[in-house]
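Here is the structure we will look at, set down as structure tokens.
Below you can see the structure in the form of structure tokens.
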């Protein structure tokens, strides 16, 4: 897409814009150094060529305490090497935003920092796109050079998915699939199964497990028809189908499908079993959901043993490997928080959080869900002060604000019902510490989230496969918090 722009318009200077937030102390340090600072923005970076749209986002940008609003102005100089980027306005769900996507690990040099002009509430940080790490460039170049045109299309779809642009990715993938019908050019393309799988992933990430299951089964049909001998691909599709069944609550079907995925994966040599660790982790999660804790521990143990071995035995792609491992650590943490000491679960959750932070953009729902998991583990073990300290952290508050604002954006990790439950639980933890004012404040917020949850349920037929279990496990603590509050109010009125 960039090369087409370059061919049409020439190699000219280009400017892109992005609204964001930055810690006030970090901004002050940057001001002192001013030019020639080198910074990198994590994850895939969405920008726009329209400065007015970016300014609009900057003015209303939600920021946490201790942060300030900024507008990043990114300049691309002609004939100078810089980070990879692509124009995606043609496939974006909001083409009017003239969106441009920068690759993961994008690197920039700070050129200038401008204070807010009269009437504005944001600083402007002027950046010049710079060449990213040579190793990463070589890795990207190798992947692109080794890909067919359909393979490059899949890479772009995967980038959109990891950016959280599920609707844009789905629109793009469906446009590709139209070329597979009635003798189209993709009808017998080996990447057809991967395209169906990517489509399934967009649904799964948004909690639409029925649609995900349908897409994954189409992927299986395509894979069996075009390349049945690819055991890694077949086992991964069965792994995804099993997860879709988990999302639908069909745990027996999930277990059977995942066991079949293991049998298929074991046809490969040990050195080439790319998905076996992930499959064992998911089998462990199914047993955890069915409360077969001994079987769950055995399956998670097998996954852990593989993850400790060479990464080449896990997955061919570093991002995919990290995501799978983070999911496994999260699910293993759920099990350990139920039947083992807190420290064991806490270690898994903390490792998952580190992985997610390294590969996901700020504000991703998986980060919020992992913070919730950590607070639930503390609450389960009666560490009420740790729960409230964690909840009060500015990062957590910013994530809560993000999820509250994005209630109309489907995701499979955090719902308004989850936020209602979190505030109810943390309120109980405050009550157990006799901080009754804070408890009342959070319980009042719970009412607001419950109202939004009802609206959310009407709009989106989604399910969250963690919520019901977590609520049952912590109901007694919430009841104790209410009892503490009742006793406090009774004493106060005497």
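Numbering (this note's numbering), first residue to last: 1245 to 1738. All residues carry an ideal CB built from backbone N, CA and C; glycine is no exception.
Problem - CB of residue 1434 within 8 Å of CB of residue 1470, strictly - result: Counted from its first residue, the chain shown places residue 1434 at position 190. Counted from its first residue, the chain shown places residue 1470 at position 226. Yes, Cβ-Cβ distance for residue 1434 and residue 1470 is below 8 Å.
Practice task
Assign residue 1568 to one of two classes, buried (16 or more other C-beta atoms within 10 Å of its C-beta) or exposed (fewer than that).
Solution key: Translated into positions along the chain shown, residue 1568 becomes position 324. By the 10 Å Cβ count, residue 1568 comes out buried.
Practice task
Measure the C-alpha to C-alpha separation of residue 1218 and residue 1262 and round it to an integer number of angstroms.
Solution key: For residue 1218 there is no data in the structure shown, the boundaries of the chain being 1245 and 1738.
Handout entry: Integer-rounded CB distance, given that residue 1519 should sit under 8 Å from residue 1476
Key = Here the question's residue 1476 lines up with position 232 in the chain shown. Here the question's residue 1519 lines up with position 275 in the chain shown. Right, their Cβ atoms sit about 6 Å apart.
Handout entry: Alpha-carbon spacing of residue 1628 relative to residue 1619, whole angstroms
Key = Here the question's residue 1628 lines up with position 384 in the chain shown. Here the question's residue 1619 lines up with position 375 in the chain shown. When rounded, the distance between both Cα atoms is 9 Å.
Practice task
Please state if the CB of residue 1664 and the CB of residue 1725 are separated by a distance shorter than 8 Å.
Solution key: Locating residue 1725 in the chain shown gives position 481, counting from the first residue. Locating residue 1664 in the chain shown gives position 420, counting from the first residue. Not closer than 8 Å, so no.
Problem - Separation of residue 1691 from residue 1732, as counted between CA atoms - result: On the chain shown, residue 1732 is found 488 positions in, with the first residue counted as 1. On the chain shown, residue 1691 is found 447 positions in, with the first residue counted as 1. Distance between the alpha carbons of residue 1732 and residue 1691: 21 Å.
Exercise for the section: Indicate the three-state DSSP secondary structure (helix, strand or coil) for residue 1452 in the structure shown. Expected result: In the chain shown, the residue the question calls residue 1452 occupies position 208. It is coil, neither helix nor strand.
Practice task
Within the same chain, show all residues whose beta-carbon is closer than 7 Å to that of residue 1735, passing over the 5 residues directly before and after it, in chain order.
Solution key: Along the chain shown, one-based indexing puts residue 1735 at 491. If we look at residue 1735 and ignore the five residues flanking it on each side, it has no Cβ neighbours.
Problem - Euclidean distance between Cα positions of residue 1394 and residue 1661 - result: Position 150 of the chain shown, counted from the start, is the residue given in the question as residue 1394. Position 417 of the chain shown, counted from the start, is the residue given in the question as residue 1661. Those two C-alpha atoms are separated by around 40 Å.
Problem - Coil, strand or helix - residue 1261 by DSSP - result: Taking the first residue of the chain shown as position 1, residue 1261 is located at position 17. It is a strand residue.
Practice task
Examine the Cβ distances between the region 1291-1305 and the region 1350-1362 and report whether three or more of them are shorter than 8 Å.
Solution key: no
Exercise for the section: Could you check how far apart the C-beta atoms of residue 1728 and residue 1658 are, in whole angstroms? I think they sit under 8 Å. Expected result: For this step, residue 1728 is matched to residue 484 along the chain shown. For this step, residue 1658 is matched to residue 414 along the chain shown. Rounded, the Cβ-Cβ distance is 28 Å, inconsistent with contact.
Practice task
Ignoring anything shorter than 4 residues or poking outside the region 1599-1627, list the alpha helix (DSSP H) runs there in chain order.
Solution key: 1609-1624
Practice task
Closer than 6 Å by C-beta to residue 1574: which residues in its own chain qualify, once you throw out the five before and the five after it? Chain order, please.
Solution key: Here the question's residue 1574 lines up with position 330 in the chain shown. Excluding residues within five positions, the ones whose Cβ falls inside 6 Å are 1596.
Problem - Outcome for residue 1272 when other beta-carbon atoms lying within 10 angstroms are tallied against a minimum of 16 - result: Counting from one through the chain shown, the residue named residue 1272 turns up at place 28. By the 10 Å Cβ count, residue 1272 comes out exposed.
Practice task
Run the CB neighbour count on residue 1702, radius 10 Å, all protein chains shown included, and call it buried at 16 or more, exposed below.
Solution key: Translated into the one-based positions of the chain shown, residue 1702 becomes position 458. So residue 1702 counts as exposed.
Handout entry: 7 Å Cβ shell around residue 1311 - same chain, five flanking residues per side excluded
Key = Here residue 1311 refers to the residue found at position 67 of the chain shown. Excluding residues within five positions, the ones whose Cβ falls inside 7 Å are 1265, 1266, 1267 and 1268.
Problem - Residue from 1526, 1686 and 1553 with nearest C-alpha to residue 1541 - result: One-based indexing of the chain shown puts residue 1541 at position 297. Residue 1526 is the option with its Cα nearest to residue 1541.
Exercise for the section: Identify the continuous alpha helix (DSSP H) that holds residue 1639 and give its terminal residues. Expected result: As a working mapping, residue 1639 is identified with position 395 in the chain shown. Run containing residue 1639: 1638-1649, per the alpha helix (DSSP H) assignment.
Handout entry: Member of 1306, 1606, 1397 and 1315 whose CA lies at the smallest distance from the CA of residue 1371
Key = Sequence index remark: in the chain shown, residue 1371 carries index 127 (1-based). Per the Cα distances, 1315.
Problem - Candidates 1676, 1625, 1606 and 1684: closest to residue 1646 by CA position - result: Sequence index remark: in the chain shown, residue 1646 carries index 402 (1-based). Of the candidates 1676, 1625, 1606 and 1684, the one whose C-alpha sits nearest the C-alpha of residue 1646 is 1606.
Practice task
State the Cα-Cα distance for the pair residue 1721 and residue 1631, rounded to the nearest angstrom.
Solution key: Taking the chain shown and counting its residues from 1, the one referred to as residue 1721 is at position 477. Taking the chain shown and counting its residues from 1, the one referred to as residue 1631 is at position 387. For residue 1721 and residue 1631, the distance between alpha carbons rounds to 13 Å.
Problem - Exposure of residue 1636, with buried meaning 16 or more beta-carbon neighbours within 10 Å - result: As a working mapping, residue 1636 is identified with position 392 in the chain shown. Burial call: exposed.
Exercise for the section: Answer with buried or exposed for residue 1473, where buried requires no fewer than 16 other C-beta atoms within 10 angstroms of its C-beta. Expected result: Here the question's residue 1473 lines up with position 229 in the chain shown. Residue 1473 is exposed by the Cβ-count criterion.
Practice task
Return the chain-ordered ranges of every beta strand (DSSP E) run that is complete within the region 1494-1570 and spans a minimum of 3 residues.
Solution key: none
Practice task
Leaving aside the five residues before and after residue 1260 along the sequence, list all residues of the same chain whose C-beta is less than 7 Å from its C-beta, in chain order.
Solution key: Start at 1 with the first residue of the chain shown, and residue 1260 comes out as number 16. Taken in chain order, the residues that qualify are 1291, 1292, 1293, 1318 and 1344.
Exercise for the section: Whole angstroms is fine: what's the gap from residue 1362's alpha carbon to residue 1258's? Expected result: Counted from its first residue, the chain shown places residue 1362 at position 118. Counted from its first residue, the chain shown places residue 1258 at position 14. The alpha-carbon atoms of residue 1362 and residue 1258 are separated by roughly 27 Å.
Problem - Whole-angstrom distance between residue 1365 and residue 1640, CA atom to CA atom - result: Here residue 1640 is taken as the residue at index 396 of the chain shown, counted from 1. Here residue 1365 is taken as the residue at index 121 of the chain shown, counted from 1. Looking at the two C-alpha atoms, the distance is approximately 24 Å.
Handout entry: Buried or exposed by the 16-neighbour rule on C-beta atoms within 10 Å, applied to residue 1515
Key = Counting from one through the chain shown, the residue named residue 1515 turns up at place 271. Exposed, since its Cβ has fewer than 16 Cβ neighbours within 10 Å.
Practice task
Compare the beta carbon distance of residue 1570 and residue 1524 with 8 Å and say whether it is the shorter of the two.
Solution key: Sequence index remark: in the chain shown, residue 1570 carries index 326 (1-based). Sequence index remark: in the chain shown, residue 1524 carries index 280 (1-based). Cβ atoms of residue 1570 and residue 1524: not closer than 8 Å.
Practice task
Return helix, strand or coil for residue 1315, following the three-state DSSP convention.
Solution key: Position 71 of the chain shown, counted from the first residue, corresponds to residue 1315. If DSSP states are grouped into helix, strand and coil, residue 1315 belongs with the strands.
Exercise for the section: For residue 1424, name the three-state secondary structure that DSSP assigns. Expected result: Here residue 1424 refers to the residue found at position 180 of the chain shown. Helix.
Handout entry: Whole-angstrom C-beta distance between residue 1412 and residue 1404, which should lie under 8 Å
Key = Residue numbering aside, residue 1404 sits at position 160 when the chain shown is read from its first letter. Residue numbering aside, residue 1412 sits at position 168 when the chain shown is read from its first letter. Confirmed, Cβ separation roughly 5 Å.
Practice task
May I ask which residues mark the beginning and end of the alpha helix (DSSP H) holding residue 1662?
Solution key: Here residue 1662 refers to the residue found at position 418 when the chain shown is read from its first residue. Here the alpha helix (DSSP H) through residue 1662 covers 1660-1676.
Handout entry: Through-space distance from residue 1698 to residue 1565, alpha-carbon basis
Key = Looking up residue 1565 in the chain shown gives position 321. Looking up residue 1698 in the chain shown gives position 454. So the alpha carbons of these two residues sit roughly 36 Å apart.
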